[in-house]
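Enquirer: Residue numbers (my numbering): 969 to 1447.
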């Protein structure tokens, strides 16, 4: 990653990002969070790259751009890209029925009542629309999701899958093949294409990758994606010797620690913050993590989590920058790297809202009254707003993003070639982004909008017209 001085030499006004770094440093000094790492890139120019605070408070490990972090649901875009590689090669089509590749889904039925948790004699309804690969990627397949991270099921749609959480933690389910069969044995929660509901879709897509490629999901991603573009720190398992030096600790409140099923270690420290009193979870030492060595989950989750708190990919903010830059550059990271996919495939993946297509849901979808879109890689902004009405913390039209439960966030604005990554490791969220100067996305957008405008000589007192046009609203991101 080149130093932001190159962007300054190119005439970009980086004052908003300087304010962001100062605000983040102050937040860390006030113990608002353990630490974070962030990157902002505009049209191949690094606007900001930096790390703040600690990756491991107990062992004095500073946060760095090569700190290894749990991605959770940020696993999904890479697995979706893996499936699209196979689509491009002609090994499958997006509108293939899942049962063409996974026979266990041939007998899929739709639950007759919302309260039905397992298949019963009532569940005789055959899906009126096809359960397709496209609907797996857009969470419109009729599948549900299992509760995890100590959360109680939010209703029958999650309660039906609660047994899968227990089976993964007990070792009864030890592969994507077994997971796929367990999911297929349950009734669909609704007819495919009826609506959007976050789901096991990417885990099932991961199993499709295994069947079509003849390789385990971790090996396929390593050979076809990670190794070719130099993502050396991304995978499903961290070697103990690497974890000791570079793996970030994970933090949560005591209540959430208890809900997940962990007990505090004797003499374990606590850390007061606006998030609550934080304690270290997932092992009291880096090598004790459920992502390290022989402790790692045998199920290579395509969705990012298995059981209560296992599975999914780990990575670094530097590796993730490589992945998303590869996509922004049309499927090839640089002339010396392998072409991962064609530019038209990248455009197909993220160029528009897939949910409104008849082959997915067929209409624009709402969440609590708010319009949102979804494509192969995550949520996409589908509302056009005049920039004077544009909130600093909402998706602009065409911008898309995704996130993981421990606050690993990415957004991409393809038409601006703007990439933002912000990573920490806490399950309690991050209370920042309320003021524009704390918000990486607001600052990066301000720089992008001023591109081509000579930088001011005097540092402005406020965050600028774009950032102050309205109070910051909470950015919608999946976790």
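Positions of the beta carbon are idealized from the N, C-alpha and C atoms, including for glycine.
Keep in mind that this is a model prediction, so the values were computed, not measured.
Cutting at 6 Å between CB atoms, please list the residues of its own chain near residue 1418, excluding the five before and the five after it.
Expert: On the chain shown, position 450 is the one that residue 1418 refers to. Only 981 meet the Cβ criterion.
Enquirer: For residue 1372, count the other beta carbons within 10 Å of its own beta carbon; 16 or more makes it buried, fewer makes it exposed. Which is it?
Expert: Numbered from its first residue, the chain shown carries residue 1372 at position 404. Buried is the call here.
Enquirer: Determine the closest residue to residue 1028 out of 1135, 1069, 1209, 1253, with distance taken between C-alpha atoms.
Expert: What you label residue 1028 is simply residue 60 of the chain shown in a count that begins at 1. Closest by alpha carbon: 1253.
Enquirer: Within the present structure, is the beta-carbon of residue 1046 separated from the nearest heavy atom of the ligand NAP by less than 7 Å?
Expert: This structure simply doesn't include the ligand NAP, nor any ligand for that matter.
Enquirer: Measure the Cβ-Cβ separation of residue 1109 and residue 1277 and say whether it is below 8 Å.
Expert: For this step, residue 1109 is matched to residue 141 along the chain shown. For this step, residue 1277 is matched to residue 309 along the chain shown. No, Cβ-Cβ distance for residue 1109 and residue 1277 is not below 8 Å.
Enquirer: Taking only three categories from DSSP, how would you classify residue 1239?
Expert: Taking the first residue of the chain shown as 1, we reach residue 1239 at position 271. Correct three-state label for residue 1239: strand.
Enquirer: Going by CA-CA distance only, name the one from 1210, 1154, 1300, 1214 that's closest to residue 1196.
Expert: If you number the chain shown from 1, residue 1196 lands on position 228. Minimum Cα distance to residue 1196 is reached at 1300.
Enquirer: Span of the alpha helix (DSSP H) holding residue 1409?
Expert: Numbered from 1 along the chain shown, position 441 holds the residue referred to as residue 1409. From DSSP, the alpha helix (DSSP H) with residue 1409 extends over 1408–1417.
Enquirer: Starting from residue 1008, trace the beta strand (DSSP E) in both directions and tell me its first and last residue.
Expert: Counting from 1 along the chain shown, the entry for residue 1008 is found at position 40. Start and end: 1003–1010.
Enquirer: Would the segment 1069–1077 count as touching the segment 1147–1154 if we require 3 or more Cβ pairs under 8 Å?
Expert: Yes, they touch.
Enquirer: Based on the DSSP secondary-structure assignment, which residues constitute the bridge partners of residue 1164?
Expert: To locate residue 1164, count along the chain shown from 1; it is residue 196. In DSSP, residue 1164 forms no bridge with anything.
Enquirer: DSSP state of residue 1124, grouped into three classes?
Expert: The residue given as residue 1124 occupies position 156 in the chain shown. It is helical.
Enquirer: Could you have a look at residue 1215 and say whether DSSP puts it in helix, strand or coil?
Expert: By one-based count along the chain shown, residue 1215 stands at place 247. The answer is strand: DSSP assigns residue 1215 an E or B state.
Enquirer: DSSP three-state call for residue 983: helix, strand or coil?
Expert: Locating residue 983 in the chain shown gives position 15, where the first residue counts as 1. Residue state, collapsed to three classes: helix.
Enquirer: Mark residue 1022 as exposed unless 16 or more other C-beta atoms lie within 10 angstroms of its C-beta, in which case mark it buried.
Expert: Locating residue 1022 in the chain shown gives position 54, counting from the first residue. Residue 1022 comes out buried.
Enquirer: I believe residue 1123 touches residue 1227 by the beta-carbon criterion, under 8 Å. Please report the beta-carbon distance rounded to the nearest angstrom.
Expert: Within the chain shown, numbered from 1, the residue matching residue 1123 stands at position 155. Within the chain shown, numbered from 1, the residue matching residue 1227 stands at position 259. Contact flag wrong, Cβ pair sits at about 18 Å.
Enquirer: Between 1389, 1335, 1145, 984, which has its C-alpha nearest residue 1182's C-alpha?
Expert: Locating residue 1182 in the chain shown gives position 214, counting from the first residue. Per the Cα distances, 1145.
Enquirer: Using CA atoms only, rank isn't needed, just tell me which of 1042, 1006, 1346, 1351 is closest to residue 1337.
Expert: Sequence index remark: in the chain shown, residue 1337 carries index 369 (1-based). Residue 1337 has its Cα closest to that of 1351, out of 1042, 1006, 1346, 1351.
Enquirer: Which partner residues of residue 1377 appear in the DSSP bridge assignment?
Expert: By 1-based counting over the chain shown, the position of residue 1377 is 409. Residue 1377 pairs with 1371, 1390.
Enquirer: Pop quiz: residue 1366 and residue 1379 are said to be a contact at Cβ under 8 Å. What is the actual Cβ separation, rounded to whole angstroms?
Expert: The count along the chain shown starts at 1 and reaches residue 1366 at position 398. The count along the chain shown starts at 1 and reaches residue 1379 at position 411. Not confirmed; about 11 Å, so no contact.
Enquirer: Is it the case that the segment 1305–1316 contacts the segment 1324–1333, given that we only count it when at least three CB pairs across the two stretches are under 8 Å?
Expert: Contact fails: fewer than three Cβ-Cβ distances are below 8 Å.
Enquirer: From 1414, 1388, 1413, pick the residue whose C-alpha is nearest to that of residue 1007; which is it?
Expert: The residue given as residue 1007 occupies position 39 in the chain shown. Considering only alpha carbons, the answer is 1388.
Enquirer: Scan the segment 1051–1117 and note each continuous beta strand (DSSP E) run of 3 residues or more that stays entirely inside, going in chain order.
Expert: Taking only runs of at least 3 residues, no beta strand (DSSP E) segment lies wholly in the segment 1051–1117.
Enquirer: CA-CA distance, residue 1015 and residue 1009?
Expert: For this step, residue 1015 is matched to residue 47 along the chain shown. For this step, residue 1009 is matched to residue 41 along the chain shown. About 5 Å.
Enquirer: At what residues does the alpha helix (DSSP H) containing residue 1176 begin and finish?
Expert: Locating residue 1176 in the chain shown gives position 208, where the first residue counts as 1. Looking at the DSSP string, the run of the alpha helix (DSSP H) that includes residue 1176 is 1169–1181.
Enquirer: In the DSSP assignment, find the alpha helix (DSSP H) that holds residue 1137 and state where it starts and stops.
Expert: Your numbering for residue 1137 matches position 169 in the chain shown. Segment 1130–1138, the alpha helix (DSSP H) holding residue 1137.
Enquirer: Alpha carbon to alpha carbon, how far is residue 1095 from residue 1034? Give it in angstroms, no decimals.
Expert: Within the chain shown, residue 1034 is the residue found at index 66, counting from 1. Within the chain shown, residue 1095 is the residue found at index 127, counting from 1. Cα to Cα, the separation comes out at about 46 Å.
Enquirer: Comparing alpha-carbon positions, which option in 1100, 1040, 1131 lies nearest residue 1055?
Expert: The residue you call residue 1055 lines up with position 87 of the chain shown. The shortest C-alpha separation from residue 1055 is found at 1100.
Enquirer: Could you tell me which whole beta strand (DSSP E) segments of length 3 or greater appear in the segment 1284–1370?
Expert: As far as the segment 1284–1370 is concerned, its whole beta strand (DSSP E) runs of at least 3 residues are 1333–1335, 1338–1342.
Enquirer: Look at residue 1136 and residue 1280 and say whether their C-beta atoms are less than 8 Å apart.
Expert: Within the chain shown, the letter at position 168 stands for residue 1136. Within the chain shown, the letter at position 312 stands for residue 1280. No; because the gap between Cβ atoms is not below 8 Å, this pair is not in contact.
Enquirer: Work out the CA separation of residue 1082 and residue 1199 for me, nearest whole Å.
Expert: Locating residue 1199 in the chain shown gives position 231, where the first residue counts as 1. Locating residue 1082 in the chain shown gives position 114, where the first residue counts as 1. One C-alpha to the other measures close to 43 Å.
Enquirer: Rounding to the nearest angstrom, what Cα-Cα distance links residue 1224 and residue 1133 in this structure?
Expert: Residue mapping note: residue 1224 aligns to position 256 of the chain shown, counting from 1. Residue mapping note: residue 1133 aligns to position 165 of the chain shown, counting from 1. Answer to the nearest angstrom: the Cα atoms are 17 Å apart.
Enquirer: Would residue 1385 and residue 1296 be called neighbours here (beta carbons separated by less than 8 Å)?
Expert: Residue numbering aside, residue 1385 sits at position 417 when the chain shown is read from its first letter. Residue numbering aside, residue 1296 sits at position 328 when the chain shown is read from its first letter. Their beta carbons are under 8 Å apart, which means residue 1385 touches residue 1296 by this criterion.
Enquirer: Between which residues of its own chain and residue 1188 is the CB-CB distance below 8 Å, once the five residues before and five after are set aside?
Expert: Position 220 of the chain shown holds residue 1188. If we look at residue 1188 and ignore the five residues flanking it on each side, its Cβ neighbours are 1050, 1177, 1178, 1181.
Enquirer: Identify every residue that forms a DSSP beta bridge with residue 1038.
Expert: Indexing the chain shown from 1 puts residue 1038 at position 70. The partner list for residue 1038 (beta bridge, DSSP) reads 1282.
Enquirer: Measuring CA to CA, which of 992, 1217, 1105 is closest to residue 1039?
Expert: One-based indexing of the chain shown puts residue 1039 at position 71. Measuring from the Cα of residue 1039, the nearest candidate turns out to be 1217.
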